[in-house]
Amino acid sequence: MGARTAAAPRRGARWSAAVVAAAVLLSGCSASGDTVDGTGQAGAVPPSGPSPSDAASPDAAPSGPDGPTSAAAPPSASAAPLRCPSDDRERRMRGAWLTTVRNIDWPSEPGLSADEQREELDAYLDDALDLGLNAVFLHVRPTADAVYASDLEPWARYLTGEQGGDPGYDPLEYAVAQAHRRGLELHAWFNPYRVGFLDPDLENLAEGHPAEENPEWVVEHGDEAYLDPGNPEVRAWVTDVVLDVVERYDVDGVHFDDYFYPYPKEGAVFDDDATWEEYGGDFDDRADWRRDNVDRLVADVHAGIGDLKPWVSFGISPFGIWRNSDSDPDGSDTSGLESYAAQYADTRTWIREGTVDYVAPQLYWSRGFAAADYETLARWWADEVEGTGVDLYVGQAAYRVGEEGWRDEDALSTQLDFSERLPQVDGDIYFSIRSLRENAAEAYANLAEEHYAHPALPPSTAPRGQDPLTGRVGGVTARADGDRVDVAWEPVEDARFYAVYRVGSSGTPESGDPEGCPALSPEDLVGVTGGTGLTDTAPPGDGVGYAVTALDVFRAEGPPSEIADVRG
0 MGARTAAAPR RGARWSAAVV AAAVLLSGCS ASGDTVDGTG QAGAVPPSGP SPSDAASPDA
60 APSGPDGPTS AAAPPSASAA PLRCPSDDRE RRMRGAWLTT VRNIDWPSEP GLSADEQREE
120 LDAYLDDALD LGLNAVFLHV RPTADAVYAS DLEPWARYLT GEQGGDPGYD PLEYAVAQAH
180 RRGLELHAWF NPYRVGFLDP DLENLAEGHP AEENPEWVVE HGDEAYLDPG NPEVRAWVTD
240 VVLDVVERYD VDGVHFDDYF YPYPKEGAVF DDDATWEEYG GDFDDRADWR RDNVDRLVAD
300 VHAGIGDLKP WVSFGISPFG IWRNSDSDPD GSDTSGLESY AAQYADTRTW IREGTVDYVA
360 PQLYWSRGFA AADYETLARW WADEVEGTGV DLYVGQAAYR VGEEGWRDED ALSTQLDFSE
420 RLPQVDGDIY FSIRSLRENA AEAYANLAEE HYAHPALPPS TAPRGQDPLT GRVGGVTARA
480 DGDRVDVAWE PVEDARFYAV YRVGSSGTPE SGDPEGCPAL SPEDLVGVTG GTGLTDTAPP
540 GDGVGYAVTA LDVFRAEGPP SEIADVRG
């Protein structure tokens, strides 16, 4: 694999035991345009605009070489690797959701050729790299169908225009290979229960779709349809679908968004009487039973991933409010819809029981918005994960830039001005990547200048105390070519990524400890790649050398290489 070019710097470990099908217009708007509900009553539906799941309505305008793997155990280094100190502050999630449902992001329209789809996907991955991101969350199961080759569920309609239509290649296999080549993580994003709208989704199910094969699993809710979370067969099916992907593809993570039970809709009732009567016998309250159904799915998926590939992270991006303090003294000082009661998503329990590796609450409101203040919620979530081993990433509303109250150039950076000061916050995920190249481009450039001056390694999933599985990188060379430096090295067994550092660029000594580890600083990171070469396009001048480290599948960093001096 060839060298990658690292652009000029821009203005960035944990371990656990083994958004919107319809984004509804909200009432309760403040002067800033923030909202917390949408049926004319407080706290009924999610913020206006798309969440990481869908568009405003069925007709809304859209706001390689590495193949699948079935490895069931982590690789092991051939020799005990040297361990060098590292700074956990260099580990930050910088991700973006890449949405397929309703063709919000990709493909731009159904029916494109395989080459056209790959070209568009490559462009998004290149954008992610240029924006200083280190992870992409690809929507692989939008409506109980597949954006990958599956024997369990049909191809998603957003690829060819017809559910079940073969696009002529495997998009997830391609996305994983191309993301890793660029040094990007690729997370597989699933909607566990959603079947879609009655028209066109439910009325045009492909042969073999689980809702077509098992109509008794389906519950209609307004103009939408869902697989019934209370049916144990549904829970087993969804778990099997997720684990099938984990087993066959080299993904870095599995991700659920905010959709479990559906958001409330005026006049709509989720009719799960049959499963409640059959399976709810241990519960006096249907709401508690519904939450238990979701809890069981989350726990089953987490445990299954841990058994198959413990380096694959599992996380959820819930609606930003768990419970309001007037409902529960442990809730946040807010007055909006509660995911605990609306989607029956008890995120606080998942954190406390360790059945998620991270949470990424969708904090899609501005600082100072009274009903759901960004600062209040960021602090609340930070307190919830404190000491649990569960990482916290903030879901950021790039799609809102341009709305009333989100028009200043610091519309996004002002959010990070606050949340980056919270030590429990480990990064951010933006909805969505298309917004970062379109309506939010200027706001994101401002954010990058202020907060992303340097690349960042992704968070590690390695168990505490586990040695890295990669050894020291050898054969490092650095050759000047005009105003750039080409760095190359020999491949290392079991390496997922390589990180390239300038040594001496910030006055660091050549050796950081008696074992001979170069003193590496997060500010010295040039870039991350999946290949064996990287070009520094903005070398700081004379007296700088380069060191390379290898990251294993847990994204744990091995020891630095010897320092390579620059040669002409």
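Residue numbers for the sequence shown follow numbering that gives the first Met the number 0, beginning at 0 and rising by one. Ideal Cβ placement from N, Cα and C applies to all residues, glycine included. Treat the numbers as computed from the prediction; the structure is a model and nothing was measured.
- In this model, L158 and N190 are separated by some 17 Å (Cα to Cα).
- Rounded to whole angstroms, the Cβ separation of V250 and V194 is 23 Å, and the two are not in contact under 8 Å.
- Residue ranges of uninterrupted alpha helix (DSSP H) with 4 or more members, entirely inside the stretch 225-288 and ordered along the chain, are 231-247 and 272-278.
- Linking H450 to I432 through their CA atoms gives a straight-line distance of about 18 Å.
- Within 10 angstroms of the beta-carbon of S316 lie 16 or more other beta-carbons, which makes it buried.
- Between N203 and W216, the CB-CB gap reaches or exceeds 8 Å.
- In chain order, A477, A479 and V484 place their CB closer than 6 Å to the CB of V565, counting only its own chain and leaving out the 5 sequence neighbours on each side.
- Counting of Cβ neighbours within 10 angstroms places R90 among the buried residues, the total reaching 16 or more.
- L171 and G542 have their C-alpha atoms spaced approximately 43 Å apart.
- Minimum Cα-Cα distance from R495 among the listed residues L550, G532 and W488 corresponds to L550.
- Its Cα nearest to that of S326, the residue A340 stands out among A340, Y398 and F318.
- In the structure shown, Q423 falls within a coil segment according to DSSP collapsed to helix, strand and coil.
- By DSSP's assignment, A546 forms a beta bridge with Y500.
- At a Cβ-Cβ threshold of 8 Å, V486 and D535 count as neighbours.
- If one requires a minimum length of 4 residues, the alpha helix (DSSP H) runs lying completely within the stretch 144-197 are 156-159 and 170-180, in chain order.
- When the beta-carbon positions are compared, T460 and F553 come within less than 8 Å of each other.
- No residue range can be given for I320, since it is assigned to no alpha helix (DSSP H) and is classified by DSSP as neither H nor E.
- Between the alpha carbons of F368 and T375 lies a distance of about 10 Å.
- The stretch 138-155 makes contact with the stretch 163-170: 3 or more CB pairs, one atom from each, lie closer than 8 Å.
- Per DSSP, the beta bridge partners of V527 are A498.
- Annotation for W96: the continuous beta strand (DSSP E) segment containing it runs M92 to L97.
- For A487, no alpha helix (DSSP H) encloses it; the enclosing beta strand (DSSP E) starts and ends at R483 to A487.
- Looking at the backbone, the Cα of D306 and that of A187 are separated by about 18 Å.
- Note that the C-beta distance between I320 and L296 is not below 8 Å.
- When beta bridges are read from the DSSP output, T354 appears opposite no residue.
- Our two residues, D407 and R93, have alpha carbons roughly 22 Å apart in a direct line.
- Beta-carbon to beta-carbon, A127 and L183 are separated by about 6 Å, close enough to satisfy the 8 Å threshold.
- Straight through space, the alpha carbons of Q423 and E385 are spaced by roughly 6 Å.
- Excluding five sequence positions before and after T548, the CB atoms of its chain that fall closer than 6 Å to its own CB belong to A498, E556, G557 and P559, given in chain order.
- By DSSP's assignment, S312 forms a beta bridge with G252.
- In summary, G540 is exposed, with fewer than 16 beta-carbon neighbours lying within 10 Å of its beta-carbon over all protein chains present.
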